[in-house]
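Here the structure is laid out as structure tokens; the discussion comes afterwards.
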Amino acid sequence: MEGVNENEKEEAQKRSDPPELGKWAEIQDTLKKSVIAVDDFPWRLPSPQSHSHQQQLTYVGGVDVSFSKEEPSMACGSLVVLDLHHDLRLVYQDYTCLTLDVPYVPGFLAFREAPILVHLLEKMKNDASPFYPQVLMVDGNGLLHPRGFGLASHLGVLANIPTIGIGKNLHHIDGLTQSGVRKLLEAEENRANDVITLRGSSGFIWGAAMRSTQGSLKPVFVSIGHRVSLDTAIKIVNMTCKFRVPEPIRQADIRSREHLRKHHIGMLA
DNA sequence: GCGACAG
DNA sequence: ATCTTGTCGC
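For the first sequence, UniProt numbering gives the first residue as 1, with consecutive numbering after it.
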């Protein structure tokens, strides 16, 4: 009895896991109850017909956090917003740099990155920006997570905003593996499809793997974050993909990295 | 038991 | 996440 706990603690130390992991898991289980896994927003997707009485989806946001190589605790969070109706033009960008001591632990990404992103969203809301995103794409998974509550869902609940999870790599859960998914995508019956459902061994649907660009063998992994169904999430991803990674995420990624470079060099001098 | 494990 | 230029190909 006693030995089991001691061994777990030792292993946790070897992995340099923070001692709060148990609490973190509890927090995830609690917040997960607030997740809304269906469409729950006032706008509609752009369509050929005109429904003049309902607002259309126009502003799609993207968030990401970059880190400095030489100063691993130095982080830069970014929030960008693109205009879906003007060739995904950038209409808003903001950044926050700070030192982060919370480590990255698989399955607990939100405890490292969510606070910065919540800050950026709150700042934008307080400033009453007319470009506040109607939906937010997050660099990380939503439901596609060991406890069904990844960064995209976590951020969606904390900031109460519709979110979509975008993973560039698969978090292996419920029997799902990156090689297994790629085999499915390459299978004859799926040759025509660019999207396949990620159904785990348990039968649960965690998200979807999609070839966002023609000719890209490596898929991106889309999952429900908050207040957006998987079908709608896939449609929105398709509307925002010029390259493999959807533009909101790609722009947030590129720009947070260059912002960090610019600011960090200034600190060393 | 060992390995895998979003960013 | 981060280290990194050129390069092969449509």
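All C-beta atoms in this analysis are idealised placements derived from N, C-alpha and C, irrespective of residue type, glycine included.
Practice task
Would you kindly check if the distance between the Cβ of Arg257 and the Cβ of Ser52 is under 9 Å?
Solution key: As a first step, residue 52 is located in the first sequence; it is residue number 52 there, counting from the start. As a first step, residue 257 is located in the first sequence; it is residue number 257 there, counting from the start. For the 9 Å CB-CB criterion, Ser52 and Arg257 do not form a contact.
Practice task
Determine, using beta carbons only, whether Ser78 and Leu120 come nearer to each other than 9 Å.
Solution key: Residue mapping note: residue 78 aligns to position 78 of the first sequence, counting from 1. Residue mapping note: residue 120 aligns to position 120 of the first sequence, counting from 1. Inclusion of Ser78 and Leu120 in the CB contact set at 9 Å is warranted, their separation being smaller than that value.
Exercise for the section: Just the C-alpha distance for Val80 and Asp231, rounded to the nearest angstrom, thanks. Expected result: As a first step, residue 80 must be located in the first sequence, where it is residue number 80. As a first step, residue 231 must be located in the first sequence, where it is residue number 231. Spanning the two alpha carbons is a distance of roughly 23 Å.
Practice task
Buried or exposed for Gly180, please, with buried defined as at least 16 other CB atoms from any protein chain shown within 10 angstroms of its CB.
Solution key: Walking along the first sequence from the start, residue 180 turns up at place 180. It is exposed - the Cβ of Gly180 has fewer than 16 other Cβ atoms within 10 Å.
Exercise for the section: With DSSP as the reference, label Leu21 as helix, strand or coil. Expected result: Locating residue 21 in the first sequence gives position 21, where the first residue counts as 1. In the three-state scheme derived from DSSP, where H, G and I count as helix and E and B as strand, Leu21 is classed as helix.
Practice task
Classify Leu136 as buried or exposed, calling it buried when 16 or more other Cβ atoms lie within 10 Å of its own Cβ.
Solution key: By 1-based counting over the first sequence, the position of residue 136 is 136. By the neighbour-count rule (16 or more Cβ atoms within 10 Å), Leu136 is buried.
Exercise for the section: Could you tell me which residues DSSP puts in a beta bridge with His226? Expected result: In the first sequence, the residue the question calls residue 226 occupies position 226. According to DSSP, residue pairing for His226 in a beta bridge involves Thr163.
Exercise for the section: Classify Ala128 as buried or exposed, calling it buried when 16 or more other Cβ atoms lie within 10 Å of its own Cβ. Expected result: Mapped onto the first sequence, residue 128 falls at position 128. By the beta-carbon neighbour count (other beta carbons within 10 angstroms, threshold 16), Ala128 is exposed.
Exercise for the section: Less than 8 Å between the CB atoms is what I'm expecting for Met239 and Leu84, so what's the real figure, rounded? Expected result: Against the first sequence, residue 239 aligns to sequence position 239. Against the first sequence, residue 84 aligns to sequence position 84. That pair is a contact at about 6 Å.
Exercise for the section: Name the residue from Gln28, Ile161, Leu57, Gly22 whose alpha carbon lies nearest to the alpha carbon of His86. Expected result: If you number the first sequence from 1, residue 86 lands on position 86. Ranked by Cα distance from His86, the options Gln28, Ile161, Leu57, Gly22 are led by Leu57.
Practice task
Kindly give me the distance between the Cβ atoms of Gly62 and Ile249, rounded to whole angstroms, as I take these residues to be in contact under 8 Å.
Solution key: The count along the first sequence starts at 1 and reaches residue 62 at position 62. The count along the first sequence starts at 1 and reaches residue 249 at position 249. Contact holds; Cβ gap of about 5 Å.
Exercise for the section: Could you please give the first and the last residue of the uninterrupted beta strand (DSSP E) stretch that includes Arg44? Expected result: What you label residue 44 is simply residue 44 of the first sequence in a count that begins at 1. No residue range can be given for Arg44, since it is assigned to no beta strand (DSSP E) and is classified by DSSP as neither H nor E.
Exercise for the section: Quick one: measure Cβ to Cβ for Gly148 and Leu109, integer angstroms, because I've assumed they're closer than 8 Å. Expected result: On the first sequence, residue 148 is found 148 positions in, with the first residue counted as 1. On the first sequence, residue 109 is found 109 positions in, with the first residue counted as 1. Contact between Gly148 and Leu109 does not hold, since their C-beta atoms are separated by about 14 Å, which reaches or exceeds 8 Å.
Practice task
Round the Cβ separation of Pro146 and Ile173 to the nearest angstrom and send it over; I've been treating them as touching at under 8 Å.
Solution key: If you number the first sequence from 1, residue 146 lands on position 146. If you number the first sequence from 1, residue 173 lands on position 173. Contact holds; Cβ gap of about 5 Å.
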